[in-house]
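A.B. asks: Here it is, the structure, as structure tokens.
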Amino acid sequence: VYAVLCTGLADLLIGLWLIKEDRTSSSFPLLIVVYQAIFFTCHVFKGILLANHSFRLYNMVDNADDFAFWIIAVASFVVFHLEMKRTKKFQLPSYYQNEL
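Per the numbering used here, the sequence shown starts with residue 32, numbered consecutively.
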């Protein structure tokens, strides 16, 4: 449980850093942060529920985490499609362009 929580917190911090560093109008870093915030919160609750042996609530939170993943996946696809339509090309965020 602790490893999952540390990973979720690290991903959340990376997403926040990407928002700070991104100079384009891309919404992908924001979607990363939103998903990781949901992921981290769900895993905190799952850890608490496991410690209290509340397996029914654990399954509900686990399903909410999966549901959030699919919502963010669909939102990412929509944002990507709208970005392509708006710019007529796909532009990598600045932190990727520096690597190329």
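Just so it is clear, CB atoms sit at the ideal spot from N, CA and C, and this is done for glycine as well.
Check the C-beta distance from L62 over to S107 and give it rounded, since I have them as a contact under 8 Å.
C.D. replies: Correct: roughly 5 Å between the Cβ atoms.
A.B. asks: For S107, name the three-state secondary structure that DSSP assigns.
C.D. replies: Note: S107 maps to helix in three-state DSSP.
A.B. asks: According to DSSP, is N83 part of a helix, a strand, or is it coil?
C.D. replies: Coil.
A.B. asks: Would V64 be called buried (16 or more neighbouring beta carbons within 10 Å of its own) or exposed?
C.D. replies: Classification for V64: buried.
A.B. asks: Give the straight-line distance between the Cα atoms of F71 and D93, rounded to the nearest whole angstrom.
C.D. replies: The straight-line gap from Cα to Cα measures roughly 12 Å.
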